[in-house]
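**Q** There's a structure below that I have some questions on.
Residue numbers (the numbering used here), protein chains in the order written: chain A, 1 to 149; chain B, 1 to 337; chain C, 1 to 656; chain D, 1 to 276.
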């Protein structure tokens, strides 16, 4: 029996809400899956679609993008800009065959430690069910292979 | 009597070459675009094309070639080289312009430093060229003192039969003879006449153009700006050209591991000569287009005694704004009179 | 070449019991560019910090990663320690292996693997950190207080008493705001004007306060410490500098039937008027819309009357530009128009009035001289029904929120009514009695117990006129019975709402507002008096419904924020701000539009002869708050954010 | 008089009166199907102008040629409706001043050439607004519907096949009037967000970024699709993204010269059904 597949998930979060929510999950000693690596940004407005592409290039099977609830942005409306950007980028990725299920978006406030922990668990489970992102991983492997002809 | 390869035997030939360990490559259609690529059977080949959209050079000089893998540890940097894939290959159905292009670039890849990536592939490839019986308005090999049945760069020249049932076989090099020995029993002696090669009209006087280009006064001529007004600065002409050979070395990957790659580059791009300071010695598109023409018809011949152009016409054929070498050299021909 | 120091904190057992710190330290010790990788029980302790400093000095470290608790805990601590050891503090980053690793995972191996990834990624980031210097912004030490109610006056006085200059702008002809309209105030029942007018006078006479009444804010540009404010001084048609406030003109003015705004429509005023007798400044204005001369071109009685030739019908609005360092917004509130409650008969029956109108009736300086009389016939009402939450806590017709002060003022009204009309009966329909505040619950108890305020828990469904009585039908939900009361007057505890032009005004000065038009604080709990725009503070009911003590407290808090800002000649700001690469910027202005702070300006690039070469975006470091929204928008990657640069984040991702 | 004749005459008048310093139009190409951009600065040359239904390319990008408009003189340009939309987008993004542009408008619905009234962008507002209404139904490509019906894996394979052909010649970028950046993100190497190598991964990244940067800005003139020497169906991605911004934000690129860029603005009630 082989080990269960452990997905690699990269999260990009804003420091004011979701990062603080993740801290709260910690201070509350909530337990969740260890598959996610968090990158802290000042605001969801700072989260560029390029980050998603590079995380995929580093072999991520899933990605989480999270910030303050609408209206709660520390910078008043960084998250509104981000939301539009995601809407468009998400449609684009889906159209090129990068499954929507692999890239998750959420609003998690600094108070929602429990939501954070639950979300990480459910995302990890979801991605585990989807399995490794083989199609993309093959593209990555191809870049490491010698020329074919 | 000449040796004849009948079309219905081609599949057997492909099988034979393949079973002898050769990679068989030829012009194929790939999702709305044609190129040279490896095939498993003759049926995959498209030998009716005037010319594949993409040139033969990528079989020898791929658009992105990994050169070495590096890994940085605390105390040292480990590298391991990538070698070009080895093994004999036969490229069946090249056109004379493409085959000539390879020969034109040979001295370039070997004059100071012998580029293994190029030469290993060159030495292991048999080029089987089929003389052209049709051409389009962009073909211009004859203007470059080449022809639809030039043998330059080829190991075998095939001349299509008039009845379209096969090809007369002309063995040009030992490497070609060797490859065809493997299929000797599939060839027949015959006297079927060959179809006439297509006549490609001469479009410009390359010698006169060369003289004009050599004249330093013409370097700053208004001509360059006028002829290149509509150039949008993309790299399609250079990337489809069988002789354009510029490349860039890129390290790709993370901070402590990655791959050094040799990637095509194009003199059409503003970035090509951009200095770190922001200064660009070829700051305008006209300067870049001039460079491309000068390089092909002045500097390159000065160094290697041949134009860096085999007349395939792809530059014009695929240009988004209908520019190309033909028009420019035609205009230079006029100016030089 | 980077020489990064990695400091792995056990945090006692907190990290050490879950993460294999020795494996973590040795793995990172083998990482390229890491010059020192050590573990310790408590790096935040004094000896811990000393060991970080020592490592920096001994190894000439170029960067530091402390793998410990959240950066929200000790980033400042370790950055300070680095600075003390001679390293630029922004070369220090925290890898969070406690809150986001050791505390949340069960499996020691997996937690250790994750910790390695977290620290390695951070090491890669730090290698690309840059030395940053705090940004210094000069500060103009002059405050602008917008609004001359109790909040504005309090803020202005506090700032001025600390020795700083204040410009106090009020759009009405007089200071005073709503508090000047009130009769007595809860919970002490002291006379509002008695405590308010001395403050008004003090503000007007204060040597550090410049008072601009009948003036409005036209525009606000600039940023914290350096605002440029344009003020419109509306034409009074009365010369301020010569008028003595003798009042002759008011007495003689023939237009006497104009509904008084100050008296909420139950009193009258003239066309040339001061809103109330104790107005500060005591200089009348001419109401252009009601003045006979302005309407018909004839009259000018006031001109003839004035002994000092102060009346000038040719007067125009004037504009004044102010250099301002900080702004306190204290623009107050309005009471809601209750016309939407057709069932209460407001607007239909003269004797259905708002709470504020009742204040004027009960006020000694009001139109009735403090006698509670029915507006319809001047009779003393024998029974008064008070309806609480007339607009508040009513998502369908009114506003969703609680107006906070109505429970208290209704109790006060019942008491005043009991004191003024002996034997008068008061009935109060309420949803809940919210009397949280010093002395507040005692106050409402007093109303019930001593002044016999009749509280009925329930809503009113209808008010109609029958035989000269206002019939009030409601329900007493405690008894579960319908109730009908024949009243002589109905007082609605009307909701407090934002000023009708609040949203417009917020846009003019560049602050945020909520769905109701109340101005947004930077943080509801931790930064309740700061707006989201640096250098602009909030006081009073413009932020949310407030009573007088809360308004005054917030005003003083705002003043202290202003004074803190004015305590230095220069302001130091975190250098996490956006920077534009002008050579690659294409000038599409997407960033200008996207910036929440208006911090990006258009800059002309000229050649030597002064010819415009191109226009590019330029970040104003005084306004930029460092969110980085512009960076993500920029297609050519021209804008970058210090502290979170594209290179740093790329390295973090690639380091995972 | 044919439209071609009419427009030659108009071009002559514009140049000889000095109203414009240049006319950007179409000339004969190297074969019957081809037309090439032509830059005319004197009335005598105007007879070289060709106008027929083969004049397809969107010439608006040439207006951004460095220095062309910096003398504040005017330039006339032959444009189809998409070209006029492109002008609006460029003006909204401060890349040019439409007052400097004289439009010579034409279209060829179903291959039949027709002249379009008006010479300033404002005069085309009604026409463009009408396009906004009809585009979604009529421009739907069969292939687009086919791709949308595919499973994500099939879609990935479809684009993998297409993108693997990409040779990173950037003809798509260079042909696009909206790709006016002084430095493209792919040419920025600190950091190198987009792999420059033309392996399939790098090609995926490039094509995704290109499409993203054009979302809400693309006017679907088709320049990129036609320019691609290896025939990647770029129009499909552009169409999909145009549909997306229209459906999600009711945004149709290039309706006016003051239109707010869709990704630099927002509404508080923008859809967010996908956010957990």
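Note that beta-carbon positions come from the ideal geometry of N, C-alpha and C, so glycine has one too.
Fair warning: this is a prediction, and the values are worked out from it, not measured in the lab.
Which same chain residues, not among the five before or five after residue 240 of chain C, have their C-beta less than 6 Å away from its C-beta?
**A** 283
**Q** Starting from the C-beta of residue 637 of chain C, find all residues in its chain whose C-beta is less than 7 Å away, skip the five residues before and the five after it, and write them out in chain order.
**A** 646
**Q** For residue 574 of chain C, collect the residues of the same chain with a Cβ closer than 6 Å to its Cβ; drop the 5 residues on either side in sequence, then sort them by chain order.
**A** none
**Q** Using a Cβ cut-off of 7 Å, which residues of the stretch 597–622 of chain C contact any Cβ in chain B, in chain order?
**A** none
**Q** Please list, in chain order, the residues of the stretch 645–656 of chain C that have any C-beta partner in chain D closer than 7 Å.
**A** 646, 647, 650
**Q** Alpha carbon to alpha carbon, how far is residue 151 of chain C from residue 195 of chain C? Give it in angstroms, no decimals.
**A** If you draw a straight line from the Cα of residue 195 of chain C to the Cα of residue 151 of chain C, it comes to about 14 Å.
**Q** Name the residues in the stretch 578–595 of chain C whose C-beta lies less than 7 Å from a C-beta of chain D; which are they?
**A** 584, 586, 587, 588, 589, 590, 593, 594
**Q** Pull up the distance between the alpha-carbon of residue 557 of chain C and that of residue 385 of chain C, whole angstroms please.
**A** 38 Å
**Q** Per DSSP, what are the beta-bridge partners of residue 264 of chain B in this structure?
**A** B:247
**Q** Just the chain A side, please: which residues come within less than 7 Å of residue 70 of chain C by C-beta, in chain order?
**A** 23
**Q** Could you check which residue in B:113, B:148, B:299, B:5 has the C-alpha nearest to that of residue 312 of chain B?
**A** B:148
**Q** Starting from the beta carbon of residue 394 of chain C, find every residue of chain B whose beta carbon is closer than 8 Å, and list them in chain order.
**A** In chain order: nothing, as chain B lies at least about 60 Å away.
**Q** Check whether the Cβ atoms of residue 59 of chain C and residue 3 of chain C lie closer than 8 Å to each other.
**A** yes
**Q** Span of the alpha helix (DSSP H) holding residue 317 of chain B?
**A** 314–317
**Q** Tell me the residue span of the alpha helix (DSSP H) that contains residue 317 of chain C.
**A** Counting along the chain, residue 317 of chain C falls outside any alpha helix (DSSP H), and DSSP gives it neither H nor E.
**Q** Grab me the residues of residue 20 of chain A's own chain with a C-beta within less than 7 Å of its C-beta, minus the 5 sequence neighbours each way, in chain order.
**A** Correct list, in chain order: 110.
**Q** Comparing alpha-carbon positions, which option in C:519, C:213, C:460, C:445 lies nearest residue 333 of chain C?
**A** Ranking C:519, C:213, C:460, C:445 by Cα distance to residue 333 of chain C puts C:519 first.
**Q** For residue 89 of chain A, report the span of its alpha helix (DSSP H) as first-last.
**A** 78–95
**Q** For residue 65 of chain B versus residue 147 of chain A, is the C-beta distance shorter than 8 Å?
**A** Note that the C-beta distance between residue 65 of chain B and residue 147 of chain A is below 8 Å.
**Q** Exposed or buried, residue 341 of chain C, counting other C-beta atoms within 10 Å across all chains shown (16 or more means buried)?
**A** Here residue 341 of chain C is buried. Its C-beta has 16 or more other C-beta atoms within 10 Å.
**Q** Just the C-alpha distance for residue 137 of chain A and residue 559 of chain C, rounded to the nearest angstrom, thanks.
**A** If you take the alpha carbons of residue 137 of chain A and residue 559 of chain C, they lie about 59 Å apart.
**Q** My assumption, with CB atoms under 8 Å, is that residue 403 of chain C sits in contact with residue 392 of chain C. Please give the rounded CB distance.
**A** 4 Å
**Q** In this structure, what does DSSP give as the bridge partners for residue 35 of chain B?
**A** B:28
**Q** Does chain C have any CB closer than 8 Å to the CB of residue 185 of chain D?
**A** yes
**Q** With a threshold of 8 Å between beta carbons, is residue 183 of chain C in contact with chain D?
**A** no
**Q** Once DSSP output is grouped into helix, strand and coil, what is the label at residue 34 of chain C?
**A** strand
**Q** Are residue 540 of chain C and residue 124 of chain C close, meaning C-beta to C-beta below 8 Å?
**A** Taking C-beta atoms as the reference points, residue 540 of chain C and residue 124 of chain C fail to come closer than 8 Å.
**Q** Just how far apart, CA to CA, sit residue 18 of chain B and residue 124 of chain B?
**A** 14 Å
**Q** How close, in whole Å, do the beta carbons of residue 140 of chain A and residue 102 of chain A come, if the pair is a contact with beta carbons under 8 Å?
**A** Taking C-beta atoms under 8 Å as the contact rule, residue 140 of chain A and residue 102 of chain A fail to qualify, at a distance of about 15 Å.
**Q** Beta strand (DSSP E) containing residue 96 of chain C: first to last residue?
**A** 92–96
**Q** Are there three or more Cβ pairs, one per stretch, closer than 8 Å when the stretch 208–224 of chain B is compared with the stretch 293–304 of chain B?
**A** yes
**Q** Enumerated in chain order, which unbroken segments of the alpha helix (DSSP H) with a length of 4 residues or greater are wholly contained in the stretch 188–250 of chain B?
**A** Listed in chain order, the complete alpha helix (DSSP H) runs (minimum 4 residues) inside the stretch 188–250 of chain B are 206–214, 223–227, 236–240.
**Q** For chain C, find out if any of its Cβ atoms is closer than 8 Å to the Cβ of residue 136 of chain A; answer yes or no.
**A** no
**Q** Specify the secondary structure class of residue 473 of chain C as computed by DSSP and reduced to three states.
**A** strand
**Q** What residue does the alpha helix (DSSP H) around residue 106 of chain B start on, and which one ends it?
**A** 96–110
**Q** Between residue 34 of chain A and chain C, is the shortest Cβ-Cβ distance under 8 Å, so that the two count as touching?
**A** yes
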